[in-house]
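Asks: Got a structure for you, questions after.
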Amino acid sequence: MLTATLLVCAFAALTGADVFNVALSCPVDWKLFGDHCFHLVSRQMTWVDAQKNCETLDANLASIQSIEEQMFVKSFIQLHAGENEEVWIGGSDCQQEFVFFWIDGASFKFTNWCPKEPDNSGKNQHCIQFNYGAEGCWDDVGCSSSRPSVCRKASH
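Quick look at the structure:
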């Protein structure tokens, strides 16, 4: 085993190859950020239909885990949908009021709520829209509204 490891390291040194750095990639029309791929679906759908559509692409509505990912999604929406487009992302409080979760099961640690949000206005706002035009902040809105959406999946 030691001999094989030494041979791999020697080969890497001689060829300049980085045997431990595998390039991540995404399907056509998807954009890589970190170790995930993102795709904007311009067709307007309800939150549930948007999630079902993402599932047909082996993805989920996007969860956002950091300020860096937030900024990426903001610029991604601006580039592909327009500056003021409101789009679905994968957050919801459908199970318990004001206890938000990501549809992909990721922990809900990072947030970027718009001022005075979430507010559950009308007592029927359970899904999160990403609103680039308002500094890219988030707003809870009715899930039956129609919006474009952002899907997210692991890269390969």
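Letter by letter, the sequence shown follows residues -17 to -1, 1 to 139 of mature numbering (1 follows the signal peptide of the UniProt record, and there is no 0).
Each residue gets a CB set at the ideal place from its N, CA and C atoms; glycine is no exception.
1. Determine the DSSP secondary structure at residue -11, reduced to helix, strand or coil.
2. Can you give me the Cβ contacts of residue 7 inside the same chain, cut-off strictly under 8 Å, excluding the 5 residues immediately before and after it?
3. Work out the CA separation of residue 29 and residue 126 for me, nearest whole Å.
4. Start and end of the alpha helix (DSSP H) containing residue 143?
5. Candidates 112, 121, 119: which alpha carbon is nearest residue 131's?
6. Please report how far the alpha carbon of residue 46 lies from the alpha carbon of residue 135, in whole angstroms.
Replies: Walking through what the data contain:
1. On the sequence shown, position 7 is the one that residue -11 refers to. Residue placement at residue -11 is poorly supported in this model, since its pLDDT is 35, which falls under 50; the coordinates still yield a value, given next. Residue state, collapsed to three classes: helix.
2. Within the sequence shown, residue 7 is the residue found at index 24, counting from 1. Apart from the 5 residues on each side of it in sequence, residue 7 sits with its Cβ closer than 8 Å to the Cβ of 15, 18, 138, 139 in its chain, given in chain order.
3. Counting from one through the sequence shown, the residue named residue 126 turns up at place 143. Counting from one through the sequence shown, the residue named residue 29 turns up at place 46. Taken atom to atom, the span from the alpha-carbon of residue 126 to that of residue 29 is near 6 Å.
4. Given a span of -17 to 139 for the chain in the structure shown, any question on residue 143 remains unanswerable.
5. For the purposes of this step, residue 131 is taken as the residue at position 148 of the sequence shown. Of the listed residues, the one whose Cα sits closest to residue 131 is 112.
6. As a position in the sequence shown, residue 46 is number 63, starting the count at 1. As a position in the sequence shown, residue 135 is number 152, starting the count at 1. About 7 Å.
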